[in-house]
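Chains as they are written, first to last, in UniProt numbering: chain X, 1 to 436; chain S, 1 to 319; chain P, 1 to 301.
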């Protein structure tokens with residue numbers, strides 16, 4: 001017993017001793033566990049070489065990223081000086097005061113002009129069109145598509161496809177073609193399937209996938225300024241889009257009911273699907289021959305247009321924000337000043353980061369650097385995002401609850417599903433006094 | 001005991017042996033598969049039919065201990081030649097070793113996490129079993145009002161779903177500075193295992209005849225001496241069995257380790273699956289991490305196996 | 001409680017005079033543990049009980065407003081929550097019954113003259129030494145219809161274990177059974193080996209059938225320890241989170257602790273999730289209470 005008590009006291013003493021020793025010359029950035037975080041570490045190494053300030057990028061698996069970040073914020077923890085946070089967090093994090101207001105910094109460096117407009121709108125500004133900024137667009141990302149170029153370019157396949165559908169087999173220009181090609185390559189007997197899409201409903205994967213359809217079909221999730229959803233989320237366009245997404249589910253490999261970036265990349269490497277939806281940030285693994293035996297035969301395209309010719313994609317990516325409980329805010333601001341320099345942004349892109357800097361994105365050098373950079377560039381100027389209100393997670397879960405059984409379990413109709421969703425969302429907005 | 005064996009009984013025993021062998025094989029198949037994956041080249045990890053014969057590789061183990069990122073440009077032949085053997089393995093896998101600003105190789109977090117796991121699991125097991133033994137003795141030998149209720153209270157502490165206490169616990173830890181410390185996790189796991197430990201140990205101590213202690217008391221021992229010199233040795237097998245269970249629980253705990261700790265004190269369970277993160281899972285590395293992480297607990301159990309079997313039959317049941 | 005001590009020794013006796021009194025020893029042995037558990041379990045519980053009557057959200061800095069029983073009322077009227085409970089009940093039953101049958105069956109087989117019994121038993125314990133998260137990850141791969149080895153080994157083609165809404169919960173339970181049957185086996189084995197051999201011999205002399213022997217001799221004598229195994233497994237199954245969360249995300253597998261996790265750590269509805277946690281806790285308490293009462297009855301027989 002005495003041992004326990006001494007231990008307890010010792011433990012408390014020990015941790016207190018550690019807790020107070022904050023190093024001014026060290027900064028910690030929190031991000032998810034993936035390659036861009038490694039690239040950021042490499043970029044930060046250059047900063048250390050220049051200034052002597054050690055910057056550590058700390059990571060956690062994607063599945064726990066949101067939980068871990070907000071648990072830390074909510075406890076007003078100073079473990080992280082900066083966080084590269086998801087675009088949807090910005091409402092919750094800014095309203096609760098977790099993020100430092102960067103409006104002044106933003107205007108001083110005219111970031112609204114140098115960064116791609118969509119990234120400023122979705123990663124940095126909250127509330128919508130308020131002119132208040134909370135983060136610096138850091139890692140641009142959106143949903144794009146990879147496909148099996150070797151299958152597409154097989155003369156026999158091309159001939160058969162043309163005979164069946166009356167047009168040439170090529171990366172799809174619109175969702176109708178996407179569906180046709182998926183159907184064409186869907187051959188369960190040969191263990192080959194048409195298309196890999198996102199279906200995981202544990203966080204935002206399925207919703208991102210559905211958004212791809214909705215936005216390209218010309219639909220919206222709602223009016224982000226007035227919180228009106230009825231007639232928008234359940235519009236005819238959205239009903240058609242949801243039906244199109246469900247149609248694609250028919251052509252997915254077996255067991256495709258909890259798929260996200262890993263499964264969708266595996267669909268290409270394991271010869272399962274002809275086309276696969278994924279974030280651009282996960283494409284490097286597909287051009288690497290060591291991890292993808294089909295690397296040479298893999299191509300990429302941007303999310304195709306909808307029936308009305310509109311073409312959009314769901315936004316991923318993150319902005320970098322300063323945590324308001326950090327004890328090193330000044331140092332963090334200095335780091336950001338260095339980070340936004342054109343040279344740094346260029347270097348960031350070279351290392352493999354997806355810069356949001358307009359000039360770098362537009363350079364031929366960037367667009368030719370990888371097989372997918374061009375598709376990325378095209379996409380980043382036509383992206384849309386989910387709600388960024390503090391209660392976004394509730395909206396997300398409600399959407400999952402309604403949409404998932406329809407897509408994977410064939411329950412209800414698209415119209416019914418979206419009507420109920422409009423009801424759910426409206427009730428949520430009422431609860432938080434966003435609408436009367 | 002010397003039962004006369006009929007031929008029917010012998011046949012029955014053979015059937016039982018055959019069934020045991022089949023069941024053991026079925027139960028161990030997934031583990032064999034994980035263990036063999038830990039030595040496979042990456043491209044053979046998910047083949048169908050599964051690859052049984054292959055040239056074992058050390059690449060998963062090299063990758064387990066290094067921090068790596070996707071290779072964007074191939075290394076020059078000179079760079080490749082100059083690299084040590086393990087770095088070449090990483091290059092061959094299409095990745096490069098991450099270095100810090102001073103050019104030092106960055107190790108993966110695995111060794112640190114593994115050490116943290118050892119510290120936390122061993123200390124909390126010692127505490128939980130120790131306190132559990134004392135308390136079980138107290139309950140077993142002395143009567144008190146509301147004994148059943150107290151025992152039920154102790155049991156009920158194990159019923160809380162971790163998420164129930166996670167938030168208040170987190171805030172509380174922040175306040176006293178136990179966040180991200182070894183002691184923070186040790187205390188948590190001790191609290192976690194205490195109920196199990198008390199319940200199991202009470203079963204064991206109940207079985208030790210009171211006459212032993214009384215004889216010792218008559219011989220001039222104090223109660224404390226009798227406890228340490230008579231009861232504890234008798235309860236050794238029970239203590240060993242309890243320790244195995246407590247160790248397994250503490251060793252593998254995931255949810256609190258994830259929420260309560262960051263880089264200083266985080267244990268390995270949240271780290272091993274995180275190797276999935278970079279776009280494509282490298283099953284060989286996850287398998288290597290899993291196998292190495294299974295070793296200490298398997299060795300511990302194996303060493304105590306006789307106690308475990310004997311201990312279980314000795315304790316928790318009334319004659 | 002302090003005055004209720006009833007030692008078997010006379011306080012004036014030589015033994016008691018030599019060292020600490022039994023009362024002191026008892027208090028020294030028991031009270032620290034109770035205090036420790038109160039600080040680390042009851043304190044957080046009181047904390048969350050308070051929050052369960054508010055609309056507190058830990059993700060914002062807005063002050064918590066008292067809303068009375070609103071959280072409880074809304075939760076108990078939410079059909080999604082009720083289906084979560086139904087799923088959990090089904091899961092607990094399937095998984096615990098499966099573990100008891102498999103584990104007890106293995107123990108019956110092992111309770112014979114089997115060569116290398118100690119080694120085999122230890123090897124069979126390996127699954128429960130793995131971490132839940134890792135087991136989830138690898139079993140997802142094992143179940144994969146395209147490159148999992150389960151379908152390959154059983155010749156099931158592209159059978160969809162995890163994405164078939166009607167199958168997924170059983171698949172999760174199957175993994176749990178694989179992992180925890182050895183635990184039941186170990187405890188049952190302990191119970192079985194403690195059954196006095198002469199009882200079986202007597203039964204054999206009476207020409208009792210194997211069924212009679214099993215139900216009249218084996219089962220009653222093993223029951224108490226089996227009950228302990230069942231209590232702990234039921235409690236753990238009720239709390240199952242990582243395994244089901246990693247394996248599948250079907251609405252038909254959304255166990256109550258997954259819903260709780262989402263509410264608490266994704267939606268950050270702290271107040272409401274505390275209320276849900278209380279509902280869950282009361283249910284587990286009730287179930288365990290019934291168990292423990294029954295266990296005591298079994299023990300008395």
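Every residue, glycine too, gets a C-beta built ideally from N, C-alpha and C.
Note that the structure is a prediction, hence the values are computed from the model and not measured.
Going by CA-CA distance only, name the one from the options that's closest to residue i.
i	options	result
residue 62/S	87/S, 198/S, 218/S, 118/S	87/S
residue 248/P	380/X, 404/X, 374/X	404/X
residue 305/X	362/X, 106/X, 60/X, 145/X	145/X
residue 23/S	53/P, 103/P, 52/P, 88/P	103/P
residue 56/X	85/X, 26/X, 110/X, 73/X	26/X
residue 290/X	73/S, 8/S, 120/S	73/S
residue 395/X	287/P, 267/P, 88/P	267/P
residue 349/X	293/X, 288/X, 141/X	141/X
residue 283/X	352/X, 199/X, 118/X	352/X
residue 252/X	280/P, 158/P, 122/P, 37/P	158/P
residue 165/S	295/P, 39/P, 292/P	39/P
residue 358/X	369/X, 370/X, 340/X, 372/X	340/X
residue 260/X	114/X, 354/X, 63/X, 44/X	63/X
residue 38/S	290/S, 297/S, 307/S, 302/S	290/S
residue 70/S	263/S, 143/S, 288/S, 98/S	98/S
residue 61/X	119/S, 262/S, 66/S, 208/S	262/S
residue 379/X	421/X, 303/X, 109/X	303/X
residue 79/X	88/X, 29/X, 111/X, 116/X	29/X
residue 438/X	163/P, 121/P, 260/P, 221/P	The structure shown does not extend to residue 438/X, since chain X is modelled only from 1 through 436, so no value can be given for it.
Could you name the residues of the same chain whose beta carbon sits closer than 6 Å to that of residue i, not counting the 5 residues immediately before and after it, in chain order?
i	result
residue 124/P	182
residue 255/S	162
residue 387/X	395
residue 40/X	57
residue 432/X	391
residue 128/S	190, 193, 194, 197, 246
Following the continuous alpha helix (DSSP H) through residue i, name the residue where it begins and the one where it ends.
i	result
residue 253/X	Per DSSP, residue 253/X belongs to no alpha helix (DSSP H) and is neither H nor E.
residue 61/S	59-65
residue 70/S	No alpha helix (DSSP H) contains residue 70/S, which is instead part of the beta strand (DSSP E) from 68-70.
residue 273/P	270-300
residue 228/X	Counting along the chain, residue 228/X falls outside any alpha helix (DSSP H), and DSSP gives it neither H nor E.
At which residues does the beta strand (DSSP E) containing residue i begin and terminate?
i	result
residue 318/X	318-322
residue 194/X	193-196
residue 109/P	First-last for residue 109/P: 79-110, but that is the alpha helix (DSSP H), not the beta strand (DSSP E).
residue 148/X	143-148
residue 55/X	54-60
residue 299/X	298-302
Which residues in the same chain have their Cβ closer than 8 Å to the Cβ of residue i, if we skip the five residues on either side of it in sequence?
i	result
residue 76/X	325
residue 329/X	81, 100, 322
residue 166/X	none
Tell me which residues share the same chain as residue i and place their Cβ nearer than 7 Å to its Cβ, disregarding the 5 neighbours each side in the sequence.
i	result
residue 128/P	179, 180, 182, 183
residue 285/X	265, 291, 292
Give the DSSP-derived three-state secondary structure of residue i in the structure shown.
i	result
residue 137/X	strand
residue 254/P	coil
residue 99/X	strand
residue 148/S	helix
residue 29/X	strand
residue 15/S	helix
residue 164/P	coil
residue 433/X	coil
Going along chain B in order, which residues have a C-beta closer than 9 Å to the C-beta of residue i?
i	result
residue 272/X	Here chain B cannot be found, since the structure's protein chains are X, S and P.
Short of 8 Å Cβ to Cβ, which residues in the region 387-421 of chain X face chain P?
Answer set for the region 387-421 of chain X: 390, 391, 393, 394, 396, 397, 401, 404, 405, 408, 409.
Any residues in the region 240-266 of chain X with a beta carbon nearer than 8 Å to a beta carbon of chain S? Which ones, in chain order?
Those would be 261, 262, 265, 266, in chain order.
Members of the region 27-61 of chain S near chain X, C-beta cut-off 8 Å:
Along the region 27-61 of chain S, the positions whose C-beta sits under 8 Å from a C-beta of chain X are 42, 43, 46, read in chain order.
Please identify, using Cβ separations under 8 Å, the residues of the region 286-309 of chain X that lie next to chain S, in order along the chain.
Those would be 286, 288, 289, 290, 291, 292, 293, in chain order.
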